[in-house]
Amino acid sequence: MTNFAISGVFSAAATPINADLSPDHGLLAAHCQRLLDEGCHGVALLGTTGEANSFSLGERKAMLERVVKAGVDADKLMPGTGVAAIPETIELTRHALSIGIEKVVMLPPFYYKGVSDSGLFDAYARILEGVADDRLKVVLYHIPQVSGIPLSVELVGRLIQAFPKTVVGIKESKGDFANMQALVKAYPGFAVFPGADPLMLPLLREGGAGCITATSNLIADSLRTVFDNHANPTEQAKVEAAQARINAWRNLSNSYAQIPTIKAMVGLKHGEKAWQRLRPPLVGLSDGEMAELKPQLEQLP
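Sequential numbering of the sequence shown, starting at 271, is according to my numbering.
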């Protein structure tokens, strides 16, 4: 496999929430450690699945601090730090570095739509020059169906050329496999991570770097099996079985609204009711949906 700066199975971790809608720090730390124990190479907390943009800067900082203080290895964490305002993205990124976290996933400034590649390049450049820390490794975040801001192949190339030791990867959450292939082909050694679990295996075969996915909150072990064995012809039966399990769990998680469904499935799997809560404007599954989900979950491989 190519020697990427970052590679492996990363969980786009969900965030457990207390009854007063504050983050449940203790359960979040326990969940991060559980994900690592189950096979994840790292945890990409405070992303879309983690409801990051529903939390304040202070809340986001406190979550990272409490997870690290609880004993989760800072080197295994890759939080989201990209927000709409450049100074706040710089602040969150510097904070992560200050507690030993050197890898981040970074959304572009996302409020203004229809902006140019030049404007996006200037924004990222201002952020990275403002952070000014050689330790930093950035995974760009391409999720235009949510952010409204696509990151073109050409823009990615400009950023790699300008910041080759810092801009080291991209999370491609649009689900456009052709775009992933184009990135892999155009920029050898640049880590391309699909945001959809079923796409990790085909992209690994094209030169991908792993995955950053929501269903890894539930089936990290199967994703790790695929990652570790995909290139070994003698383990293809094991890989195919793991991939079938990945697809089944992913399909169920997409049967209802994805974030509340992922959280409900985590809660049902581990008997932890805090996972049923979401911070508004998101809402949890209805009682009827939960009643439908539980028997389907019990039948999964």
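Every residue gets a Cβ at the ideal spot worked out from N, C-alpha and C, and that includes glycine.
Closest by C-alpha distance to N499, out of I430, N517, G480, N487, is G480. With 16 or more other Cβ atoms inside 10 Å of its own Cβ, T359 counts as buried. Contact between Y411 and G478 does not hold, since the beta-carbon distance rounds to 16 Å and is not under 8 Å. Going by DSSP, Y411 is part of the beta strand (DSSP E) stretching over 407-412. Inclusion of D467 and R520 in the CB contact set at 8 Å is warranted, their separation being smaller than that value.
DSSP, reduced to helix, strand and coil, places M348 outside both helices and strands of the structure shown, so it counts as coil. Residue environment for T504: exposed (fewer than 16 other C-beta atoms within 10 angstroms of its C-beta). The count of Cβ pairs closer than 8 Å, one atom from the stretch 323-338 and one from the stretch 430-437, stays below three, leaving the stretches out of contact. Counting the other CB atoms within 10 Å of its CB gives G370 a total below 16, which places it among the exposed residues. The stretch 340-350 makes no contact with the stretch 395-405, as fewer than three CB pairs between them are under 8 Å. Apart from the 5 residues on each side of it in sequence, L473 sits with its Cβ closer than 6 Å to the Cβ of M450, P464 in its chain, given in chain order. Going by beta carbons, S281 and S486 fall inside the 8 Å limit.
Rounded to whole angstroms, the Cβ separation of G554 and R547 is 6 Å, and the two are in contact under 8 Å. Here DSSP, grouped into helix, strand and coil, assigns E442 to strand. As DSSP reads the structure, A461 sits in a beta bridge with G439. Counting along the chain, V337 sits inside the alpha helix (DSSP H) bounded by residues 327-339.
Beta-bridge annotation (DSSP): C310 is not paired with any residue. For P530, the secondary structure class from DSSP, reduced to helix, strand or coil, is helix. Going by DSSP, K543 is part of no beta strand (DSSP E) at all; its letter is neither H nor E. Setting aside the 5 residues that flank it on each side, K331 is surrounded in the same chain by H365, each with a C-beta closer than 6 Å to its C-beta; the list follows chain order.
Within the DSSP bridge table, the entry for K373 names K407 as partners.
The stretch 286-303 and the stretch 410-427 do not touch, with fewer than three beta-carbon pairs separated by less than 8 Å. Listed as beta-bridge partners of S281 by DSSP are V313, T483. 8 Å or more divides the Cβ of T363 from the Cβ of K407. In this structure, G317 sits away from G278, with a CB-CB distance that is not shorter than 8 Å. The bridge partners DSSP lists for I287 are P293. Ranked by how close their Cα comes to the Cα of N288, the residues A507, K455, E542 have E542 in first place.
Contact check for I276 against K373 passes: the beta carbons are separated by less than 8 Å.
Burial is judged here by how many other beta carbons sit within 10 angstroms of a residue's own beta carbon; S388 has fewer than 16 and is exposed. Per DSSP, D557 is one residue of the alpha helix (DSSP H) stretching across 557-568.
Here V375 is not near I419, since their CB atoms are 8 Å or more apart.
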